[in-house]
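Take the sequence shown: its position 78, counting from 1, is numbered 77 in this note's numbering, and each next residue is one higher. Notes for the one structure printed next.
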Amino acid sequence: MTEVKYVEITDLNDVGQRADNFLRRTLKGVPRQYIYRILRKGEVRINGGRVKASYRLKLNDRVRIPPVRVAEQVPVQFSPKMQDVLNASILFEDGRFIVLNKPAGIAVHGGSGLRAGVVEVMREITGNPRLELIHRLDRDTSGCLALAKTRQVLQEAQSYFRQRQVKKIYEAMVHGYWPVKQQTIQLRLRRYETASGERRVRVDSQGQQARTDVAVLQRAGRLATRLQLSLHTGRTHQIRVHLSSSGHAIIGDDKYQARPTEQDNESSLTLKSERLCLHARKLEIPMTSGLLKASSPPDQAWEGIWGGLKQAVKD
Numbered sequence: 000m001t002e003v004k005y006v007e008i009t010d011l012n013d014v015g016q017r018a019d020n021f022l023r024r025t026l027k028g029v030p031r032q033y034i035y036r037i038l039r040k041g042e043v044r045i046n047g048g049r050v051k052a053s054y055r056l057k058l059n060d061r062v063r064i065p066p067v068r069v070a071e072q073v074p075v076q077f078s079p080k081m082q083d084v085l086n087a088s089i090l091f092e093d094g095r096f097i098v099l100n101k102p103a104g105i106a107v108h109g110g111s112g113l114r115a116g117v118v119e120v121m122r123e124i125t126g127n128p129r130l131e132l133i134h135r136l137d138r139d140t141s142g143c144l145a146l147a148k149t150r151q152v153l154q155e156a157q158s159y160f161r162q163r164q165v166k167k168i169y170e171a172m173v174h175g176y177w178p179v180k181q182q183t184i185q186l187r188l189r190r191y192e193t194a195s196g197e198r199r200v201r202v203d204s205q206g207q208q209a210r211t212d213v214a215v216l217q218r219a220g221r222l223a224t225r226l227q228l229s230l231h232t233g234r235t236h237q238i239r240v241h242l243s244s245s246g247h248a249i250i251g252d253d254k255y256q257a258r259p260t261e262q263d264n265e266s267s268l269t270l271k272s273e274r275l276c277l278h279a280r281k282l283e284i285p286m287t288s289g290l291l292k293a294s295s296p297p298d299q300a301w302e303g304i305w306g307g308l309k310q311a312v313k314d
């Protein structure tokens, strides 16, 4: 068990970092869930006051860290195959960023029983312990994922996300026939927990503003539709809930199901996929040091699913 300690924020690399991320890096070996618990209970104090996990550290902040039991630190473990997969998925790298075409099924970070995700493994591969996620993708979503190599780059990039100056374009395959060629969905979203403690999102008039622009790319008859989606906000599960609430859940999404619309083919309800058919195709961040621009089309497995749907319509 450690003793109470106080840390003064004097390193500029720590300025602007979220309180939870600072504690996770400072308290190595302490479970992620425990860190959030001591934040919620107010055992962590900054300048004598309680703070949320999202609080961003300022120069000369004084952080009180309560006594915690630190488990023996276990090195990040990953297979040679995982290293090969992530190395092969690198789309772009310079002195500021690493951008990956993250495969579906790989979490971006550890937690909830998972020891390591993309960021932990990439820190080991690159030898850079300060490598940080600029944004997140769901575990089952594939596509462009950017990591910052320095604190300054992270702060600047995340400021553009907060100011909604980042261009994010996705592709998705949804159940049924999407009837409108182009439209904008603006439904407020609110997070909640299920009876089992799982975090979900629903449409709620008291929730946060969320906007998704939708354009039809292709149709497989009335069985399925391939969409392009432009995000103006970045709420948790925004695309998944917006599409499901519009009557067209993403194929492979077992969390957010949708009721069929009058335009749908009844057989669209039986469509199954082992993966979530959602892909982050393009990412652009307007950095002062030069625009970060990355793109990657969906992989062959994705195109195989779409090809199968189009063939099913013909048969």
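Just so it is clear, CB atoms sit at the ideal spot from N, CA and C, and this is done for glycine as well.
Neighbourhood of residue i by C-beta distance below 8 Å, restricted to the same chain and skipping five residues each side
i      : result
Thr149 : Asn12, Arg95, Arg129
Ile45  : Ala18, Tyr54, Leu56, Asp60, Arg61, Val62, Arg63
Gln205 : Arg187, Arg189
Gln256 : Ser243, Ala248
Distance CB(residue i)-CB(residue j) smaller than 8 Å
i      : j      : result
Tyr169 : Leu90  : no
Val43  : Arg63  : yes
Arg17  : Ile34  : no
Ala101 : Gly41  : A small fix is needed here, since residue 101 is Lys in this sequence, not Ala. No, the Cβ-Cβ distance between Lys101 and Gly41 is not below 8 Å.
Val240 : Leu226 : no
Gln208 : Thr232 : yes
His278 : Ala223 : no
Arg234 : Tyr176 : no
Gly15  : Gln154 : yes
Ala115 : Gln76  : yes
Gly306 : Ser272 : no
Rounded separation between residue i and residue j - CA only
i      : j      : result
Arg280 : Val312 : 26 Å
Leu275 : Thr211 : 18 Å
Asp19  : Val6   : 14 Å
Val84  : Ile124 : 12 Å
Tyr159 : Pro285 : 7 Å
Gly104 : Ser294 : 19 Å
Pro178 : Ile304 : 21 Å
Ser245 : Val152 : 37 Å
Lys292 : Met81  : 25 Å
Beta-carbon contacts of residue i that lie in its chain and below 7 Å, excluding the five residues immediately before and after
i      : result
Leu146 : Phe96, Ile97, Val118, Met121, Leu130, Glu131, Leu132, Ile133
Arg198 : Arg190, Glu192
Gln157 : Ile133
Asp139 : Ala103, Gly104, Arg274, Leu275
Ala52  : Arg17, Ala18, Asp19, Tyr35, Leu38
Gln217 : Arg225
Counterpart residues of residue i in DSSP-defined beta bridges
i      : result
Tyr5   : Arg63
His174 : Ala223
Tyr169 : Leu228, Ala279
Gln37  : In the sequence on display, residue 37 carries Ile and not Gln. Partner(s): none; Ile37 has no beta bridge.
Asp314 : BP columns for Asp314 are empty, so no partner.
Tyr191 : Arg199
Glu131 : Ala147
Opening and closing residue of the beta strand (DSSP E) in which residue i lies
i      : result
Ala248 : Ala248 -> no beta strand (DSSP E), and no H or E assigned at all.
Arg199 : 198–202
Bounding residues of the alpha helix (DSSP H) (the contiguous stretch that carries residue i)
i      : result
Thr125 : 117–125
Lys80  : 79–87
Residues of its chain near residue i, where Cβ-Cβ distance is below 6 Å and the 5 sequence neighbours each way are ignored
i      : result
Lys166 : Glu283
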